[in-house]
Amino acid sequence: GPKAEIGDCLRRVQVIASNDLNERVILSLREQNAKIDVYGIGTHLVTCQAQPALGCVYKLVEIDNEPCIKLSNEIVKTTIPGAKSCYRLISARDQMLLDLLVPATHAAPEVGERVLCRHPFDHQKRAYVTPSKVVELHKVVFAGGRRQDARDSLLDIRAYCQEQLRTVREDVLRPLNPTPYKTSVSAALFQFLNDALQRNQPVSELS
Numbered sequence: 228g229p230k231a232e233i234g235d236c237l238r239r240v241q242v243i244a245s246n247d248l249n250e251r252v253i254l255s256l257r258e259q260n261a262k263i264d265v266y267g268i269g270t271h272l273v274t275c276q277a278q279p280a281l282g283c284v285y286k287l288v289e290i291d292n293e294p295c296i297k298l299s300n301e302i303v304k305t306t307i308p309g310a311k312s313c314y315r316l317i318s319a320r321d322q323m324l325l326d327l328l329v330p331a332t333h334a335a336p337e338v339g340e341r342v343l344c345r346h347p348f349d350h351q352k353r354a355y356v357t358p359s360k361v362v363e364l365h366k367v368v369f370a371g372g373r374r375q376d377a378r379d380s381l382l383d384i385r386a387y388c389q390e391q392l393r394t395v396r397e398d399v400l401r402p403l404n405p406t407p408y409k410t411s412v413s414a415a416l417f418q419f420l421n422d423a424l425q426r427n428q429p430v431s432e433l434s
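Numbering (the numbering used here), first residue to last: 228 to 434.
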C-alpha cells in the first residue's frame, strides 16, 4: 500500500547535514553514530578554523655553496645550515617512522641498515632506525625559471595524498593530542649544526 511505498522511499533517501560544520562537529556526529550520508561543508572548507593563515617564510641556508645560519633566542627560528636532502623512513608495516635530513653531499640511508636519527637541538633525543623502505622527498620543481616536474592532475594529487595518509600512524592522525611527527637529522648533520652554533653564537661577557 501507500505506507509501504513511502517506507521504501524513505529508506532510499540520503540524509544531508550542513550549517557551519567543521572537523570537530563531524567527528562528534560520527562518534554518536549519526545516520548522515553527506556533509555539506562551506566556510570551513575554504578557511581552516584552527589555522586560518599559513605562517611560513623562506630562509637562506647556503649562498654560493657556503653554508649560512640564522641565530635566534627562539630555538625554533634557528636554521639548520647547508644544502640538505630529505628522506622518509618507512617501517616493515609500511608506516612512516620519521623524515631524516642529511647533508646534500652525503649518501642516502640504506634499506635494512641501522641509522642514528637525532633531534637537531636536543642532545638527549635520539633513536636508531632500521628502515624497510626509504623514500626521497626532495624534487626539483623549478630550475632556471622553468618547471621541471610533470603537471599532475588534481585527481592524481588527491590520490597521492590519500595514499600517503594511509601510511601515517593512527596516533599521529588522531584529533585529540596527536603524536607529533618527527623530522630528525643525521649524526653528521647534527655535528655540523652544533659546530656552526659554537662558531657563530655570541659569547656573553660578565663583569
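Positions of the beta carbon are idealized from the N, C-alpha and C atoms, including for glycine.
- For the pair ALA354 and CYS344, the CB atoms are nearer than the 8 Å cut-off.
- Segment contact: the region 304–322 against the region 412–428, three or more CB-CB distances shorter than 8 Å; contact assigned.
- Bridge pairing for TYR355: LEU343 [DSSP].
- Sorting VAL242, GLU289, GLU363 by C-alpha distance to the C-alpha of GLU337 places GLU363 at the top.
- Just so you know, the alpha carbons of ASP291 and GLN278 end up roughly 36 Å apart.
- Around LEU287, the same chain offers CYS295 as residues with beta carbons nearer than 7 Å, after the five sequence neighbours per side are excluded.
- In this model, ASP235 and LEU248 are separated by some 29 Å (Cα to Cα).
- In summary, VAL342 is buried, with 16 or more beta-carbon neighbours lying within 10 Å of its beta-carbon over all protein chains present.
- ALA335 is positioned such that its CB atom lies closer than 8 Å to that of TYR314.
- For the 8 Å CB-CB criterion, LEU420 and PRO347 form a contact.
- By the Cβ-count criterion, LYS311 is buried, with 16 or more other Cβ atoms from all chains shown falling within 10 Å of its own Cβ.
- Counting along the chain, ILE317 sits inside the beta strand (DSSP E) bounded by residues 311–317.
- Residue state for SER411 is assigned as strand, using DSSP reduced to three classes.
- Taken atom to atom, the span from the alpha-carbon of ASP349 to that of LYS262 is near 48 Å.
- Take the alpha-carbon of ALA370 and the one of ARG378: they are about 15 Å apart.
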